[in-house]
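Chemist: Numbering-wise, the sequence shown is residues 43 to 221 according to the working numbering.
Where a beta carbon is used, it is the ideal one built from N, C-alpha and C, also for glycine.
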Amino acid sequence: AMAVMNSVMKGGMPLAVLRHVDVELARGEILAVVGAFLLFTAAEFGTWVAILVYAYLATGPVGVGVVVLLQLLPATLLAPVVPVLGERYGRDRALGGAYLALAIALAATGAAIVTGAPALLVYALATLTQVAYTPVRPIQSALLPRSVGTAEQLTATNALVSIVDGVGQLAGPLAAGIL
């Protein structure tokens, strides 16, 4: 862990990550979890930007405020409760279920926007989408320590997740802007 932290402090984070994540881990569960997290983060931030732009165009600045409130309030209230799903149903199954619920909610929201559904329906579906995002980060964070063998691998994997998170935060809104 200290080797990774020293490398990070010297500005060599990507090399440290590659040096400490074993090839075996890169082929298995870690690659799947980190890859899915990249897509999740891009979708999360891309959707956020797209919904805010939609709200502004559909109902103006007040609509943006209403949408933010509608999306964040239920997700905030459910945040302490929802991660328990990982303990009850198993983290793998809970993460898969969360991604499935998210995919359905995203598809419904997108279909409502594309078909010209009323703004209130789009806002309601966007709220469901935000609620579906809520359990992913905590469940994924709880899944990683079980998936690695050493402290160095966990540190490197967490660094890799941080890099992927930043890439997704940039790529999602960029893709939403292009579309």
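(1) Express the C-alpha separation of A168 and S204 in angstroms, rounding to a whole number.
(2) Figure out for me which residue from F82, W90, G77 has the closest Cα to the Cα of A218.
(3) Tell me the rounded alpha-carbon separation between Q172 and Q195.
(4) Note the first and the last residue of the continuous alpha helix (DSSP H) segment covering A140.
(5) For the alpha helix (DSSP H) that T118 lies in, which residues bound it at each end?
(6) Please confirm whether V164 and A149 have their CB atoms less than 8 Å apart.
(7) Here's the rule I'm using: 16 or more other beta-carbon atoms within 10 Å means buried, otherwise exposed. How should A145 be labelled?
(8) Helix, strand or coil for P187 per DSSP?
(9) According to DSSP, simplified to helix, strand and coil, what is P215?
(10) For T197, name the three-state secondary structure that DSSP assigns.
(11) Taking only the alpha-carbon atoms, compute the straight-line gap between F79 and G158 and give it to the nearest angstrom.
(12) Note down the Cα distance separating Q211 from D134, rounded to an integer number of angstroms.
Modeler: With the structure as the only source:
(1) Approximately 26 Å, taken between the alpha carbons.
(2) Looking from the CA of A218, the closest CA among F82, W90, G77 belongs to W90.
(3) Going by the C-alpha atoms only, they are around 31 Å apart.
(4) 133-156
(5) According to the DSSP assignment, T118 belongs to the alpha helix (DSSP H) that extends over 71-120.
(6) no
(7) Exposed, by the Cβ-count rule.
(8) In the three-state reduction of the DSSP assignment, P187 falls in the helix class.
(9) helix
(10) helix
(11) 30 Å
(12) 24 Å
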